[in-house]
Amino acid sequence: MNREDSLEEKTLSSAYIYQGKIINLRHDKVKLPDDRETIREIVEHPGAVAILALTEKKEIVMIK
Numbered sequence: 007m008n009r010e011d012s013l014e015e016k017t018l019s020s021a022y023i024y025q026g027k028i029i030n031l032r033h034d035k036v037k038l039p040d041d042r043e044t045i046r047e048i049v050e051h052p053g054a055v056a057i058l059a060l061t062e063k064k065e066i067v068m069i070k
């Protein structure tokens, strides 16, 4: 197994919780590489990308 394989998540299910003219919001249930399951909250917006990183102290980390 290479590094990329060890980071891969498998989508188990996906459900839209909001569909609008500008954005869509959905919940994806995923299986993590360590076999745990969790929910990903996805914002779909054409032409935009955003990632929000939090420290252990719940501080937001941003890169310009």
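Taken in order, the sequence shown gives residues 7 to 70; the numbers are from the numbering used here. Beta carbons: idealized from backbone N, C-alpha and C, even for Gly.
Checking the sheet assignment: what are the DSSP bridge partners for residue i?
i, result
"Thr-44", "Val-36"
"Ser-12", "DSSP output for Ser-12 lists no bridge partner at all."
"Ile-66", "Leu-60"
"Leu-18", "None, per the DSSP bridge assignment."
So residue i packs on residue j, CB below 8 Å; how close in whole Å?
i, j, result
"Val-36", "Lys-16", "6 Å"
"Tyr-24", "Leu-31", "4 Å"
"His-51", "Ile-28", "7 Å"
In terms of alpha-carbon separation, which member of the options lies closest to residue i?
i, options, result
"Ser-12", "Ser-19, His-33, Asp-41", "Asp-41"
"Val-49", "Leu-18, Gly-26, Leu-60", "Gly-26"
"Ile-45", "Asp-34, Glu-65, Ile-29", "Asp-34"
"Leu-60", "Glu-43, Met-68, His-51", "Met-68"
"Tyr-22", "Lys-70, Glu-47, Pro-39", "Glu-47"
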